Structure formats: structure tokens, C-alpha cells
Amino acid sequence: MAVTALVVGYLPAAANLGGSPFDAGDGNLVLNDEAQDWVNAPNRKVGLDKPTGQTDDSFGQGTKEDTAVPTVVDGSIPNNKSDLTRLYVANEKVSGKEFLYLAWERVQEPNGTTNMDFEFNQDSTASANGVTPIRTAGDVLIKYDLSQGGVNPVLGYHLWVTTGTAQQVCEASNTVPCWGKVQSLAGNFEGSINTPAVTDPIPPDAPRTLSPRTFGEAAINLSDSGILPPNVCKTFGSAYLKSRASDSFTAALKDFIAPVPVNISNCGSIVVRKVTVNGDSTFDYTTTGGLSPSTFQLSNGGTRTYTDVASGSYSVTESAPPAGWTLQGLQCTASGAGTSVTTTGATANITMAGDGLVDCTYTNHTKLSPAITTLLSAELVPIGTTVHDTATLSGASANAGGTVTYTVFSDSGCSQNPQDAGTVNVVNGVVPNSNGITFTSAGTFYWQASYSGDANNNPALSVCTSEILVVQKNQPGMTTAQNLLPNDSSTLTGATATAGGSITFDLHSPADATCSGAPALTQTVAVSGNGTYATTNTTFFATAEGTWRWRVSYTGDANNEAAVSACGVEHFTIDNG
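When we follow full-length UniProt numbering, the leftmost residue of the sequence shown carries the number 1, and every step to the right adds one.
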């Protein structure tokens with residue numbers, strides 16, 4: 001079996017493994033003309049062995065590679081060529097491919113065969129021995145063989161298998177689980193050991209001089225070799241180093257360096273986040289490409305994360321949102337060489353290339369449904385009063401905009417005889433007052449405010465009958481005042497039949513109780529014998545309150561004496577009380 005392993009894995013050391021900037025073919029740890037070496041190795045991890053001697057740890061006698069849980073003991077290593085001192089592991093992704101870098105250091109130059117086995121475990125949980133991890137199917141053992149003290153390393157790898165017939169699947173064991181048959185790394189690695197002494201400048205205890213053949217390194221293309229094949233998700237969380245003093249796979253293990261944590265993966269991640277604006281609801285999603293679960297739901301602040309996503313094509317689509325909700329935006333970012341994402345509507349189309357990351361945020365939006373109420377400057381007013389309205393939004397967003405239009409109607413359905421009371425701009429939810437309206441006729445009027453809504457708020461309309469203005473009819477006053485059209489008559493008796501002269505009628509106002517002042521009305525009538533004579537007033541009205549007094553006088557003539565009546569013998573009184 002061991003011979004087979006050497007044949008299928010053999011490739012002499014060569015510089016510049018295709019696609020990698022790391023030089024694992026120069027047998028040292030420092031930069032010469034290359035871009036990378038151990039002094040600047042990406043994601044470098046250092047494993048240190050316990051000091052050589054009785055306090056060192058090693059595997060118990062008889063422990064072999066197929067021993068799932070090796071025995072760990074204390075004590076010196078029987079053969080110094082197998083006494084390990086240091087482990088280096090580094091990894092990086094270059095142009096979409098995963099590269100692994102390995103190095104070991106030991107106590108002294110060997111005089112015979114020494115093999116180094118690097119074990120990479122997916123599960124970092126310690127096994128029953130408290131040191132080495134639990135093995136799971138697909139764990140990897142990378143052999144670094146230096147047959148017969150040679151200087152050209154030969155690398156191959158085994159996978160831990162848990163099912164199948166041992167004779168068919170195992171490299172050396174008669175039972176399953178075991179390390180499977182060796183697989184070639186030819187064409188996918190470069191490696192070398194130091195033939196002159198070299199310096200290790202990496203802490204701790206740096207710098208240190210390493211004698212010839214006590215340092216070895218390798219670079220491996222994990223993607224092309226099949227250790228991390230495309231479209232298969234695989235992650236290693238720990239690595240440790242073991243030594244064998246023989247190229248036989250069944251030889252007993254000697255020293256080891258305890259596991260160090262690593263993060264080597266060709267698994268991508270897809271993260272879907274949910275943000276809602278103006279409320280919350282539950283949103284449905286569907287996926288393609290084999291993501292599990294294939295459907296899920298998210299509410300505000302929720303996250304769905306898919307890890308262990310193999311290289312390939314995937315999509316995530318938000319289903320039709322609940323009533324009242326719209327997709328405001330879908331923002332996605334992609335990181336990792338070869339990983340990309342494009343968005344179309346509610347779908348994120350993802351191309352995953354190994355350990356990439358796609359992070360998408362779906363933002364959904366619903367409008368608030370505010371209420372608008374009004375308050376009049378007056379509700380019962382006389383004709384001619386100017387009235388304005390005030391509106392208030394409630395339940396709107398803090399930055400509510402839009403407009404409010406005020407209208408006055410003559411009916412309770414707010415449809416008849418509209419009067420425009422102005423349109424105002426809403427700023428941060430604050431509504432200015434309406435214009436003033438002057439009411440010149442009586443009646444009942446209904447004010448209504450109409451909110452236009454905006455990007456975050458639905459329109460709103462105040463209740464028509466919530467603001468009623470009553471313009472009252474004028475209430476006239478009534479006063480009365482008597483006025484008379486006074487006339488008087490006088491009868492002349494006892495005069496001659498041919499009496500002449502004239503009769504004068506004088507009407508004195510209530511202010512002249514003695515008839516001594518100028519009369520308010522006077523009229524003279526010619527006399528022709530005895531008879532009744534009267535005034536003919538048609539223009540003078542008596543309006544003053546009180547007693548009006550008549551005084552009548554006859555002039556007489558050659559045959560008749562003059563005569564005069566007493567003041568107020570005839571009178572009338574005006575009383576408006």
C-alpha cells in the first residue's frame with residue numbers, strides 16, 4: 001500500500017504552483033523574489049509542540065493512522081527525527097480557487113525515512129482523549145513523505161470513510177471507519193525542504209536557526225485536487241500534525257502537535273434580511289438551487305442565513321407582499337472572488353463561487369392611514385363674520401408632507417355649492433389654517449378638510465358633519481311713532497248776513513302751552529256771512545309727543561266785532577308710550 005501511495009502522489013518539488021503567489025518550493029520562510037512566503041502567509045496559524053523531553057506528549061504505543069481515538073501519553077520521542085517542534089498552516093482564495101499552505105519543523109536532521117501527516121477535521125470537538133478532534137466522514141489526511149531521507153517530498157491525501165467494505169475502501173485497515181485509499185495530488189502541489197540551514201523569523205522565540213532538513217513546506221491547490229471540489233460544500237475547522245518513522249501507512253505514529261483552529265472552506269453563505277417601514281407583517285420567500293429550507297418567512301428585523309452553500313447558481317424571491325405592502329427596495333452585496341448577485345424585481349439571482357458571501361436586504365413599505373380632524377374659529381356667527389378652519393393630522397408619519405384642501409359646502413353630504421377655503425402645504429405633519437371666508441348670507445355650512453397623502457401616508461378626509469357653521473339671520477328692531485295731519489274748523493254765528501273779514505287758525509306745539517309763540521301751523525280763511533269755516537292742511541304733520549293747542553281768531557268787519565277763542569279750547573294729544 002505504501003508503495004502505491006508514493007507512486008500516485010509523486011511529483012518533484014517545483015516553484016510557483018499555478019495560480020498561487022506563495023512560494024513553497026524554496027525551502028525557507030522569508031521573501032526572496034516571491035510575493036508571499038511564511039513571513040506574510042495569509043491566515044497563518046502556528047502550532048507549537050511541547051518541549052522535547054519527558055514532558056513532551058506523543059501517541060501511545062501501537063497508535064496508527066486508522067486509530068479513531070489515539071492514546072495520548074507523556075514522554076520523550078524515541079527517534080529525534082520524528083520529534084516535531086512547530087506546525088504552520090495558511091490558506092487563501094485566489095481567482096476563485098482555494099489554496100492550502102503547510103509547513104513543519106522538527107528537532108534534527110533525519111538519517112532515514114520520515115513521513116509527516118497533516119490531518120484536517122471538519123468538527124473541532126475534542127474526542128475522548130481530550131486532544132484530537134472527532135473524525136467525521138470526509139475529513140482529510142495529507143501525507144508528506146520523504147522516503148529514505150530524500151529531499152523531494154511526495155504528497156497524497158486520504159479521506160475518512162465511514163461506510164463500505166473495508167477491503168474496497170480502506171487504505172490499510174480491515175474495518176470501517178478508516179482512512180480511504182490514497183488519492184493523487186500530482187500537478188496540484190509544490191513542496192520542498194531546507195537543504196542549507198535557514199532562519200525562522202516567526203514568533204515566538206524568533207529568530208531561530210533551522211539546521212538542514214528540519215523544515216519542510218508545501219502548497220496545495222485544494223480546488224483542482226478534489227479536496228475541495230466545486231459544487232460541494234466542505235469546511236475544515238482544525239488541523240494538526242503527526243509524524244511516522246516509516247513510509248508504511250500502517251507504521252506506528254510518533255509525535256504530534258496539538259490541533260490549531262483553521263477556517264478552510266469552499267462553502268458560501270447567503271444572508272437575507274427583512275426591513276419594514278411604517279409597520280410590520282410577515283413576508284414569504286422562495287428559493288432555487290437546492291437551498292434548504294426552500295421556503296421561509298421573515299418579519300421586520302428577521303434574518304435567514306444559509307451557510308454551507310456550495311458553488312453554483314441560486315435565487316431568492318419575495319412572494320407577492322401582503323395587502324397594502326409594496327417592495328420598496330432590494331439591496332444586495334457580494335464578496336469573494338467569482339461570487340456575484342444581480343437583482344430583478346423581487347428576485348436576487350446569485351452566483352456562488354466557493355467561500356463567497358451574498359447579503360440581501362428586502363425593504364417593504366406600507367402607507368400609514370392617518371385621520372384628519374378640524375376645528376372652526378367659530379361655530380355660530382352673525383352675517384358678515386369671517387371664519388377660518390384648523391386641521392390636525394393624527395396617525396401620520398413624523399415627516400408627513402402633501403397638501404390639505406379646505407372647502408365649505410351648503411349640505412351635510414359636502415357636495416353642494418362648494419366654496420374654496422384654500423390649499424395649504426403640510427410640513428412634518430403640521431397643517432396650516434385655511435383661508436378666512438366671510439359669510440354674507442344666513443344659513444348652515446359644512447367645512448371639510450381633504451388630505452392628499454404622500455409617499456408614507458394614505459389620503460384622509462374629515463367627516464363632513466364634524467364642523468358645522470351656523471350663520472344666523474339678522475334680528476331687526478321695531479319702534480312706532482304717531483303723526484297727525486291736523487285740521488280744524490270754526491262756526492261763525494251772530495254776525496250780519498253780509499259779515500266779512502277772515503278767520504285765522506293757529507296750531508301751537510306742546511312746547512307752547514300759552515299759545516304765545518309762533519304757531520307751528522297757521523291758515524287764514526275768508527269769511528262770507530255766518531257759517532262753518534275749516535282748514536285745508538295736507539302737508540304739515542304733528543309728530544311731537546304732548547298736547548297740541550288750537551287758537552282761532554275772527555278779524556271782524558265794519559258791522560261785526562272781532563272775536564278770538566281761548567288757547568287750547570280745542571286740542572289733541574300725541575302719546576307714543
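Each residue gets a CB set at the ideal place from its N, CA and C atoms; glycine is no exception.
These numbers were taken from a predicted model, which means no experiment stands behind them.
Start-to-end residues for the beta strand (DSSP E) that takes in residue i
i: Ala534; result: Gly531 to Ala534
i: Ser565; result: Looking at the DSSP string, Ser565 is not in any beta strand (DSSP E), and its letter there is neither H nor E.
i: His508; result: Ser502 to His508
i: Ala396; result: No beta strand (DSSP E) contains Ala396, which DSSP labels as neither H nor E.
i: Lys274; result: Gly268 to Val277
i: Val176; result: Careful: Val176 lies outside any beta strand (DSSP E) and carries neither H nor E.
i: Asp200; result: Val198 to Asp200
i: Asn349; result: Thr347 to Met352
i: Val341; result: Ser340 to Thr344
i: Thr400; result: Thr is not the amino acid found at residue 400; the sequence shown has Ala there. No beta strand (DSSP E) contains Ala400, which DSSP labels as neither H nor E.
i: Leu376; result: Ala371 to Leu376
Reduced DSSP secondary structure (H/G/I, E/B, other) of residue i
i: Gln167; result: helix
i: Cys360; result: strand
i: Leu210; result: strand
i: Thr465; result: helix
i: Ser553; result: strand
i: Ala126; result: strand
i: Gln523; result: strand
i: Glu190; result: strand
i: Phe572; result: strand
i: Ser265; result: strand
i: Thr491; result: strand
i: Thr496; result: coil
i: Gly237; result: strand
i: Gly577; result: coil
i: Ser516; result: coil
i: Val182; result: coil
i: Asp205; result: coil
i: Thr547; result: strand
i: Thr390; result: strand
i: Asn559; result: coil
i: Ser335; result: strand
Own chain, CB closer than 8 Å to residue i, minus 5 neighbours either side, in chain order
i: Ser441; result: Ile383 and Val471
i: Ser299; result: Lys274, Thr276, Asp280, Ser281, Thr282 and Phe283
i: Gly395; result: Leu368, Ser369, Pro370 and Ala371
i: Asn278; result: His365, Thr366, Lys367, Leu368, Ser397 and Asn456
i: Arg208; result: Thr199 and Asp200
i: Asn50; result: According to the sequence shown, residue 50 is Lys rather than Asn. The answer, listed in chain order, is Asp56 and Asp57.
i: Tyr446; result: Val408, Phe409, Ser410, Asp411, Ser412, Cys414, Cys464, Thr465, Glu467, Ile468 and Leu469
Proximal residues to residue i (C-beta, below 6 Å), its chain only, five neighbours per side dropped
i: Gln448; result: Thr407, Cys414, Ser462 and Cys464
i: Asn43; result: Ala90 and Asn91
i: Ile574; result: Gln482 and Glu545
i: Phe572; result: Trp548
i: Glu34; result: Asp23
i: Ala563; result: Tyr554
i: Glu98; result: Leu222, Ser223, Leu228 and Asn266
One or two residues paired with residue i in a DSSP bridge
i: Lys242; result: Asp117 and Phe256
i: Asp145; result: Asn115 and Val154
i: Leu17; result: DSSP, once it has assigned bridges, lists no residue as partnering Leu17.
i: Glu109; result: Glu109 is not bridged to any residue.
i: Ala542; result: Leu484
i: Pro229; result: Note: Pro229 sits in no beta bridge, so no partner.
i: Glu217; result: Ala103 and Ser192
i: His365; result: Val277 and Thr326
i: Pro133; result: Ala126
i: Val140; result: Phe120 and Leu159
i: Gln472; result: Pro382
i: Ser528; result: Answer is none; Ser528 lacks a bridge partner.
Span of the alpha helix (DSSP H) around residue i
i: Leu380; result: Careful: Leu380 lies outside any alpha helix (DSSP H), inside the beta strand (DSSP E) at Leu380 to Pro382.
i: Ile223; result: The amino acid occupying residue 223 in the given sequence is Ser; Ile does not appear at that position. Leu222 to Ser225 is the span of the alpha helix (DSSP H), which, as asked, contains Ser223.
Sequence-distant residues of the same chain with beta carbon closer than 7 Å to residue i, five excluded per side
i: Ala251; result: Arg244 and Ala245
i: Ala421; result: Asp389, Tyr406, Thr407, Val408, Ser434, Asn435 and Ile437
i: Thr342; result: Asn349
i: Ala520; result: Leu507, His508 and Ser509
i: Thr514; result: Cys567
i: Asn416; result: Looking at the sequence provided, one finds Gln at residue 416 rather than Asn. Phe409 and Ser410, listed in sequence order.
Fully enclosed by the stretch 19 to 104, which alpha helix (DSSP H) runs are 4 residues long or longer? Qualifying alpha helix (DSSP H) stretches: none in this window.
Contiguous beta strand (DSSP E) assignments of at least 3 residues, all confined to the stretch 279 to 332: 283 to 288, 295 to 298, 303 to 309 and 312 to 318, all fully within the stretch 279 to 332.
Report the start-end ranges of each beta strand (DSSP E) in the stretch 404 to 469 that is 3 residues or longer and not cut off at the edges. As far as the stretch 404 to 469 is concerned, its whole beta strand (DSSP E) runs of at least 3 residues are 419 to 425 and 443 to 451.
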